[in-house]
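So the protein sequences, as listed, match chains A and B. Counting from 156, one number per residue, gives the positions in the first sequence under the working numbering. Counting from 3, one number per residue, gives the positions in the second sequence under the working numbering. Just so you know, even glycine gets a beta-carbon here, dropped at the ideal spot from N, CA and C. A quick note: this is a predicted structure, and the numbers were derived from the prediction, not measured. Single-structure report; data block below.
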Amino acid sequence: MPITHALPHISESRLNEPSIVGQSHPHDSAFSHVSAQARYIDDLLLPTSTLHAAIGMSPLAHANIHAIDLSAVMTAPGLVATLQAKEIPGKNNYGPILQDDPILSDTLVQYVGQPIFAVAATSHRLARQAVRRFKWEATPLPAILDITEALKANSFVIPSQTLVRGEPQKALASSPFRLQSELTIGGQDHFYLEGQIAVAIPQENSGMLIYSSTQHPSEVQHLVALALNLHSHDVNIVCQRMGGAFGGKESQPALIACIAALLAQKTGHPVKLRLDRDDDMIMTGKRHDFLAQYDVGFSATGRINALKIMLASRCGYSADLSGPVNDRTICHVDNAYFLENVEIISHRCKTNTVSNTAFRGFGGPQGMMAIESVMDDIAGHLQCDPLDIRRENFYGIHDRNITPYSMKVEDNVIHLIVDQLEKSSHYQQRRSRIQALNANHRFIKRGIALTPVKFGISFNATHYNQAGALLHLYTDGTLLLNHGGTEMGQGLYTKVMQVVAEELGVPLHHVRTSATDTSKVPNTSATAASSGSDLNGKAAQAAARILKNRLIGFASEKYGLPSHAISFKDGLVHLASMPSMRLAELATAAHAGRISLSATGYYRTPKIHWDRQTLTGRPFFYFSYGAAVVEVAIDGLTGESRILKVDILHDVGSSLNPDIDKGQIEGGFIQGLGWLTSEELWWNKKGELKTHSPSTYKIPTAHDWPLEVQIELLQNEPNREDTIFASKAVGEPPFMLAIAAFQALRDAVSSFEGHAPSIPLQAPATPESLLKAIGSIQTHPSGLWSSSRLTESL
Amino acid sequence: MPETTQKIHFILNDQPVEVACQDSTMTLLEFLREEKNLKGTKEGCAEGDCGACTVLLGDLNQEKIQYRAINSCIRFLPSLHGKSIITVEAILQKDKTLHPVQQALMDEKASQCGFCTPGFVMSLLALYLNKSKTNKDEVTQTLAGNLCRCTGYRPIVEAGCRMHDYPNPSDWSQQSAQSVKRITQLQSIQSIPSTPSNPLPALSALTYWAPDNIEHLSQAYLENPQALLLAGGTDIGLWVTKQMRPLPLLIDLGNIAALKLVETDPGHLTIGAAVKLTDAFESLTQHYPQLQSIADRFASPPIRNAATLCGNLANGSPIGDCLPVLIALNAQLTLQRGALTRKLALDAFYLGYQSNALQSGEWIRSVEIPLLPGSYRMASYKIAKRHDQDISTVFAAYVFEMKADHIIQARVAYGGMAATAKRAPLTELALKGKTWCHDTFNQAVDCIEKDFTPLSDQRASDQYRRQVAKNLLIRFFLEHESQAQSMDIHHQTQPA
């Protein structure tokens with residue numbers, strides 16, 4: 156029986172698409188999204204026997220537990236089971252690197268919100284009501300809550316690191332100019348719209364199937380297996396999509412999946428654990444907040460002779476990913492600048508707060524914030540345009556091109572980008588106009604800044620830079636793809652499907668991607684570090700080429716054609732002078748000829764190596780670049796600010812999908828803007844996070860989109876390294892374009908009356924932070940806008 | 003035998019549903035997702051702040067069904083009796099083609115992770131149904147209650163601006179005469195039957211009751227003062243979803259037509275206890291256009307579509323984003339207890355943190371807002387970390403009775419500066435009888451320090467609050483000096 160039949164909806168015009176890669180295909184779930192048919196884990200239809208879990212959390216920041224009394228919990232309506240640490244059959248740990256993250260604590264709690272026990276009940280609400288009934292006996296211990304206290308107490312989660320290149324001390328001493336300053340940089344909650352969630356469904360032979368909203372299914376699999384005292388092949392993790400992740404679902408989902416799985420194992424029922432928003436914000440890690448202190452020596456032209464910088468981050472109570480996060484900070488203090496003599500000291504502070512984790516940029520943004528503030532300070536000191544100082548310090552093309560960690564910058568396009576952007580944004584004209592406007596306005600001041608981004612692409616940990624893909628060709632000509640990458644909205648599935656469609660010359664809708672699944676592609680890396688399409692695109696391409704070569708070999712033999720005469724294009728297989736055939740026909744013939752139509756592809760990033768001890772090597776395959784010009788206005792009476800105009804020129808190499816890339820740039824920028832302006836995490840003196848819901852934690856809304864925005868992709872600059880279709884990673888780099896907004900705010904603050912060598916603006920630049928900065932540069936003895944000064948007109 | 007399980011009748015996606023409501027605090031979102039398997043509506047925060055749970059609520063308004071966006075996550079199911087609900091599942095057309103709102107979102111590539119998208123669809127749909135064309139400002143305001151963490155909003159707003167360009171959907175009509183008739187019928191069904199001889203049901207057996215006239219309400223509340231009066235429920239909803247509090251009997255004001263009235267006489271605007279903030283602000287800003295920005299920035303459209311002004315006053319938050327305005331305008335409350343009513347000035351209503359002058363069984367029937375002539379100078383300012391949908395850090399309201407440049411009387415009220423929203427008596431005294439000039443204001447601002455001892459919390463420090471409270475009084479002065487030109491950078495500043 157012939158299996159070949161026409162696929163629905165293949166119009167001739169679709170078959171003539173010139174090329175699939177490089178086109179702005181819609182997100183593969185776009186229709187499902189807008190029609191609300193996209194299924195997230197909480198939407199899965201589950202057996203009616205499914206139980207709902209909730210977690211009992213520590214009310215204290217640091218305490219020894221003497222007794223946990225769950226008697227009232229156990230009698231709560233709807234309660235089916237409780238779970239405590241002592242009942243865990245395997246390892247009580249979900250820490251990804253060090254084993255210092257207990258799933259449940261029964262002796263010591265180290266932050267407010269730490270899981271102590273869990274319950275399963277017949278409904279989500281009943282489970283949440285039940286955990287509130289718990290009682291305990293505990294002795295509070297002294298708590299270290301912030302970076303300053305931790306530094307004083309030498310409280311660190313892992314040892315500090317120091318990177319020295321050149322002779323910073325000597326060069327500082329001999330510098331004609333020198334200044335010292337410090338900057339605090341706030342943390343950030345991921346605020347993925349879909350909170351942490353997992354559903355664990357017991358399988359036969361002790362197996363466990365888990366639907367987990369995770370960027371790192373393999374790690375969840377590994378940690379669940381250890382907790383359940385099973386093997387990896389017993390545990391299967393599936394993730395169709397996440398409702399946002401941003402790094403918050405790299406290491407954190409293991410906690411949720413472990414608890415769901417432990418309760419499922421204990422009860423034999425499927426168990427869903429979905430964190431309430433407030434619990435999620437209290438319990439799970441965030442972006443690290445930082446304290447940066449620096450001492451910089453420079454020349455009369457503003458060139459940095461030497462920089463000594465201390466970067467201390469609040470890691471929280473455990474290591475989690477803080478080691479690699481802070482390593483990336485070290486590797487991004489340079490941003491786009493050559494630092495000939497430099498000392499970077501990195502402290503990873505242990506505090507009695509939630510353990511901080513991965514978040515878009517992964518420590519890079521904080522390092523870049525520090526150096527960009529240094530640039531502006533130098534400009535302020537020399538009374539010149541900060542852009543001149545930035546240019547003076549850019550990495551050279553042929554010289555001055557070695558990073559502090561000994562990697563040669565070989566793909567530098569920052570000069571090109573900044574020159575283009577300076578012109579297209581009319582930076583100079585606007586800067587002059589702003590100065591004139593500021594001279595005429597006493598209470599409302601504007602500021603403008605242009606800042607560059609150079610972001611290293613690859614995981615610092617070399618072994619993470621590998622990926623696998625599994626590709627099936629069916630005899631009807633359709634393809635089913637699976638790879639280790641997860642879809643969190645970034646369009647990874649779409650891009651990788653474009654790669655496969657391009658390789659096999661089929662319309663995009665002939666390729667479907669199935670949910671990320673540890674039983675299909677094993678031992679995968681986290682979808683993180685912007686590397687998703689670089690790694691999985693290459694792995695899928697490898698799989699597609701293996702399949703294609705098998706088909707070519709088969710056709711070559713069957714039809715007696717040289718293999719170079721066979722090509723795949725427009726949904727057809729072209730066979731030299733023979734009539735072209737549909738891929739389905741060839742697939743059917745190949746299947747009949749007993750050719751395997753399934754292939755795995757594998758990729759590992761070349762050239763990279765990294766020595767964690769010496770902090771040297773080539774951790775990054777290449778760099779992504781970009782720059783932004785941002786204009787802002789500040790109200791000096793209230794500290795309110797507004798982002799007026801944004802111009803961005805960003806380098807994505809040869810874009811796989813320009814609209815998806817622009818979406819990443821827009822979304823990354825506004826998320827960075829939130830981090831640096833309205834998103835403030837605030838703990839009280841007891842170590843309780845008081846900004847644990849959207850009513851108190853303010854991510855940007857539609858109104859916060861700047862009045863005017865111009866975003867362009869850098870044209871005609873394919874990646875110089877051999878990446879997938881010469882594209883570049885785009886997930887994280889645009890986040891740091893928002894640093895221009897912060898520096899523009901600093902610029903606006905400096906336009907108010909008064910003077911300071913370094914504008915003491917702390918991030919996030921909330922109205923309070925801005926008003927404080929304005930007040931602290933006032934030379935007037937009464938400080939802030941004093942009533943006695945209300946004697947002049949506007 | 004009293005009826006303890008109440009039957010709720012409403013229309014869900016054009017189909018009548020009858021629900022035996024076991025738990026009167028079940029939210030509409032729980033009902034949709036868990037009972038009806040309508041999984042398109044999402045839970046993002048369960049407190050009405052993210053908009054992922056947005057649905058449309060249809061209610062009769064002058065013989066037509068008016069649809070408005072609400073947050074289903076904090077809406078108690080029984081309060082939907084006699085209403086119509088539209089969820090995102092209903093708007094896909096029969097042939098599976100997308101509604102213009104959805105098509106525009108898809109064409110603008112306005113979804114990334116997609117989790118917030120259904121909520122945006124529904125908020126935009128409300129705008130689509132109520133307007134025939136729209137613009138960027140309207141779209142942005144419509145979306146103030148919808149959070150997206152992926153896109154940066156640009157393509158979503160773009161889609162909103164273009165949705166009316168698409169052909170009207172053919173098979174999707176929400177104004178059918180049939181729907182109107184059905185709602186009218188449903189509204190006539192009493193979820194708790196009452197008889198002429200015994201108009202009040204046995205409330206002790208109930209957890210929820212929605213009386214249809216003021217007399218029954220007032221008598222029932224007098225007899226059951228432990229009951230909780232429910233208006234919009236946008237705060238009480240959180241007592242359930244966040245604090246897991248058991249609630250006493252809920253008496254819903256939403257079925258009493260007489261409480262839904264907005265009445266204007268030559269000197270006053272009277273707003274009834276069940277008037278939604280959306281409608282209250284519409285009337286208020288007709289007389290006081292300068293309050294438009296305050297109205298637009300109060301919570302979000304779905305909250306304003308559910309919450310009531312009097313509920314906000316009864317709730318008495320220390321911040322209360324329009325409380326200071328009403329205090330400065332010298333609004334009067336009409337309080338009722340049993341059959342007796344009394345009037346009380348709003349500024350005498352609050353006794354302390356979450357404590358007010360209501361006696362046991364007494365409730366707010368309406369608020370009466372003076373409509374002042376143009377000789378008054380007034381302004382109100384909201385300062386918050388975020389422009390839209392944020393609770394104010396400091397809120398200031400100034401109402402000055404002027405004769406030329408002479409300040410006859412000054413009413414100055416602040417929110418966020420004390421345990422309740424309150425007036426600044428010393429500051430008012432320093433202004434009263436003085437000339438409108440630098441010196442007067444210079445002296446007055448110093449009094450603010452004496453009038454208030456604000457707290458430090460997650461919104462701001464005490465120093466910031468003090469400083470801004472002073473600076474806003476200065477802004478009030480300066481704006482009038484510059485011909486009432488707004489100094490609000492959110493609306494006045496264009497790029498260089």
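Contact set for residue i: own chain, Cβ-Cβ below 8 Å, skip 5 residues either direction
i	result
K405(B)	S377
M156(A)	For M156(A), the predicted model reports a pLDDT of 38, less than 50, meaning its position is unreliable; a value from the coordinates is still stated below. Contacts found: none.
Three-state class that DSSP yields for residue i in the structure shown
i	result
A928(A)	helix
M156(A)	Residue placement at M156(A) is poorly supported in this model, since its pLDDT is 38, which falls under 50; the coordinates are not used for a value here.
S285(B)	helix
R169(A)	Note on R169(A): pLDDT 38, under 50, position unreliable in the model; no value is reported.
Q445(B)	helix
P4(B)	Its pLDDT being 44, under 50, P4(B) is placed unreliably by the model, and nothing is read from it.
W830(A)	helix
A415(B)	strand
I572(A)	helix
R194(A)	coil
A710(A)	helix
I13(B)	strand
N360(A)	coil
S943(A)	Any reading at S943(A) must be qualified, since the residue scores a pLDDT of 41, below 50, and its modelled position is unreliable; no value is offered.
Opening and closing residue of the beta strand (DSSP E) in which residue i lies
i	result
Y352(B)	Y352 to G354
I603(A)	I599 to I612
P734(A)	M733 to R737
A275(A)	P270 to A276
P295(A)	K290 to P295
I352(A)	I352 to P357
Close Cβ partners of residue i (< 7 Å) along its chain, the five nearest in sequence each way excluded
i	result
T310(B)	A233, G234, A275, A276, V277, K278 and L279
G313(B)	A233 and G234
P202(A)	P425
Q496(B)	none
G318(B)	Y352, Q356, N358 and T422
Residue range of the alpha helix (DSSP H) that includes residue i
i	result
Q465(B)	D464 to E483
P18(B)	From DSSP, P18(B) is part of no alpha helix (DSSP H) but of the beta strand (DSSP E) over Q17 to C23.
K138(B)	K138 to T144
Neighbourhood of residue i by C-beta distance below 6 Å, restricted to the same chain and skipping five residues each side
i	result
A102(B)	Residue identity differs from the one stated: residue 102(B) is Pro in this sequence, not Ala. Answer for P102(B): M165 and Y168, listed in chain order.
G403(A)	H345 and Y347
G692(A)	V651, V654 and I879
Residues from the stretch 842-866 of chain A in contact with chain B, defined by Cβ distance under 8 Å: K845, T846, S848, P849, S850, T851, K853, I854, P855, T856, A857, H858, D859, W860, L862, E863 and V864
Just list the beta strand (DSSP E) runs in the stretch 317-345 of chain A, keeping only unbroken ones of 3 residues or longer that don't cross its boundaries, in chain order. If only complete runs of 3 or more residues are kept, the stretch 317-345 of chain A shows the beta strand (DSSP E) at 332-340, in order along the chain.
Runs of beta strand (DSSP E) wholly within the stretch 624-684 of chain A (minimum 3 residues, chain order): 634-638 and 666-668
Contact list for the stretch 795-807 of chain A against chain B, Cβ threshold 8 Å: E795, S796, R797, L799 and K800
Could you tell me which whole alpha helix (DSSP H) segments of length 4 or greater appear in the stretch 68-118 of chain B? 102-109
Please list the segments of the alpha helix (DSSP H) lying wholly inside the stretch 147-175 of chain B, counting only runs of 4 or more residues, in order along the chain. 156-164
If the cut-off is 9 Å on Cβ atoms, which residues from the stretch 893-913 of chain A count as contacting chain B, listed in chain order? Of all residues in the stretch 893-913 of chain A, none places a beta-carbon less than 9 Å from a beta-carbon of chain B.
Of all the residues that make up the stretch 181-210 of chain A, which are near chain B by a beta-carbon distance shorter than 8 Å? P181, H182, S184, A185, F186, S187, H188, V189, S190, A191, Q192, A193, R194, Y195, D197, D198 and L200
Identify each residue in the stretch 315-345 of chain B for which the Cβ-Cβ distance to at least one residue of chain A is less than 8 Å, and report them in chain order. none
Residues, ordered as in the chain, of the stretch 248-278 of chain A that lie near chain B by beta-carbon distance below 9 Å: S278
Members of the stretch 41-52 of chain B near chain A, C-beta cut-off 8 Å: K41, G42, T43, K44, E45, G46, C47, A48, E49, D51 and C52
Just by C-beta distance, which residues in the stretch 343-359 of chain A are closer than 9 Å to chain B? H345, F346, Y347, L348, E349 and G350
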